[in-house]
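Chemist: The opening residue of the sequence shown carries number 0 in numbering that gives the first Met the number 0; numbering runs sequentially from there.
Structure below; questions to follow.
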Amino acid sequence: MTRRTLFSDEPALDAVARYWARQRQGRRMPDRADIDPLDLPPAIWPNLLITEPAGDGVWRYRLVGSAHVERYGMDFTGKTLHDIMQGSYRDYMTHIYDAAFHDRLPVYSESVFRWDAAGFAMTRRLMLPLSHGETDRPALVFSIQVWPTAMPVQPRSITDISRSGGFKDGFFLRLDIENFQPLPDAGEDVEG
């Protein structure tokens with residue numbers, strides 16, 4: 000990964016991408032056993048997530064970093080995306096998880112949603128597929144999410160944010176596994 004990427008300006012995303020690439024060891028994706036969040040700098044840990052498919056387009060959170068708990072007002076470890084989100088934001092997140100998993104590719108995304116009555120905030124994500132015992136078959140999605148926009152004094156829960164009107168828009172791009180560059184025609188815009 001020597002070329003600049005869409006997220007080269009964000010050290011946490013860049014560090015996780017480099018780690019995932021090293022752990023691949025020439026395979027399509029690393030195995031879950033090759034991923035230890037403790038191998039990453041401690042400042043990154045709060046922003047990590049690990050999710051698994053729970054059937055019929057539903058995603059279950061297996062690891063939820065403390066930054067997510069703080070941002071969204073709840074620890075959603077063990078809960079599904081359908082348990083905590085609704086509307087167009089849930090649809091957007093499902094689509095991104097599905098893309099990383101089914102296409103077996105890294106996915107970079109940015110989205111905007113309303114934190115409070117004062118306005119919108121942006122978030123950036125990198126989602127990376129993981130196998131579990133089989134080198135070419137995805138089993139989980141390892142991801143990092145950061146918020147370049149300052150958090151309001153009293154954040155809203157993820158359930159409130161995802162209600163009608165909370166999600167504004169977003170996009171995502173499927174990335175090449177070798178250099179994290181966008182693949183041709185591999186992106187999608189989503190409006191809330």
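Even for Gly, the Cβ is constructed at its ideal location relative to N, Cα and C.
Since this is a predicted model, take the numbers as computed values, not measurements.
#1: Whose C-beta lies closer than 6 Å to the C-beta of L5 among residues of the same chain, with five residues either side of it excluded?
#2: Looking at the unbroken alpha helix (DSSP H) that takes in S87, where does it start and where does it end?
#3: Do F179 and A53 count as a contact pair if the criterion is CB distance below 8 Å?
#4: For the alpha helix (DSSP H) that contains A138, what are its first and last residues?
#5: Rounded to whole angstroms, what's the CA-CA distance from S110 to G72? Just pull it up for me.
#6: Who are the Cβ neighbours of G56 in its own chain at under 8 Å, not counting the five residues just before and after it?
#7: Please list, in chain order, all residues of the same chain as M0 whose beta carbon is under 7 Å from its beta carbon, the five residues on each side excluded.
#8: The ligand PLP and V68: does the residue's C-beta get closer than 7 Å to at least one heavy atom of that ligand?
#9: I'd like to check one pair, L129 with A120: are the Cβ atoms closer than 8 Å?
#10: Do the CB positions of P183 and L174 come within less than 8 Å of each other?
#11: For G191, does the three-state DSSP call read helix, strand or coil?
Modeler: Well, looking at it:
#1: Working through the sequence shown from its first residue, we reach residue 5 at position 6. If we look at L5 and ignore the five residues flanking it on each side, its Cβ neighbours are Y107.
#2: Taking the first residue of the sequence shown as 1, we reach residue 87 at position 88. Its alpha helix (DSSP H) spans residues G86 to H101.
#3: Position 54 of the sequence shown, counted from the start, is the residue given in the question as residue 53. Position 180 of the sequence shown, counted from the start, is the residue given in the question as residue 179. With respect to the 8 Å criterion, A53 and F179 are not classified as neighbours on the basis of their beta carbons.
#4: Position 139 of the sequence shown, counting from 1, holds the residue named residue 138. Following the DSSP letters along the chain, one finds A138 in no alpha helix (DSSP H) but inside the beta strand (DSSP E) bounded by residues P137 to V145.
#5: On the sequence shown, residue 110 is found 111 positions in, with the first residue counted as 1. On the sequence shown, residue 72 is found 73 positions in, with the first residue counted as 1. Between the alpha carbons of S110 and G72 lies a distance of about 19 Å.
#6: As a working mapping, residue 56 is identified with position 57 in the sequence shown. Only T93 and D97 meet the Cβ criterion.
#7: Within the sequence shown, the letter at position 1 stands for residue 0. In this prediction, M0 scores a pLDDT of 49, lower than 50, which makes its location untrustworthy; the coordinate-derived value is nonetheless stated afterwards. Within the same chain, M0 has close Cβ partners A16, R17, A20, N178 and F179.
#8: This structure lacks the ligand PLP; in fact it carries no ligand of any kind.
#9: As a working note, residue 120 is residue 121 in the sequence shown. As a working note, residue 129 is residue 130 in the sequence shown. Contact: no.
#10: In the sequence shown, counting from the first residue as 1, residue 183 sits at position 184. In the sequence shown, counting from the first residue as 1, residue 174 sits at position 175. Contact flag unset, no.
#11: As a working mapping, residue 191 is identified with position 192 in the sequence shown. Reliability fails at G191, whose pLDDT of 49 lies under 50, so the model's placement of it is uncertain and no value is given.
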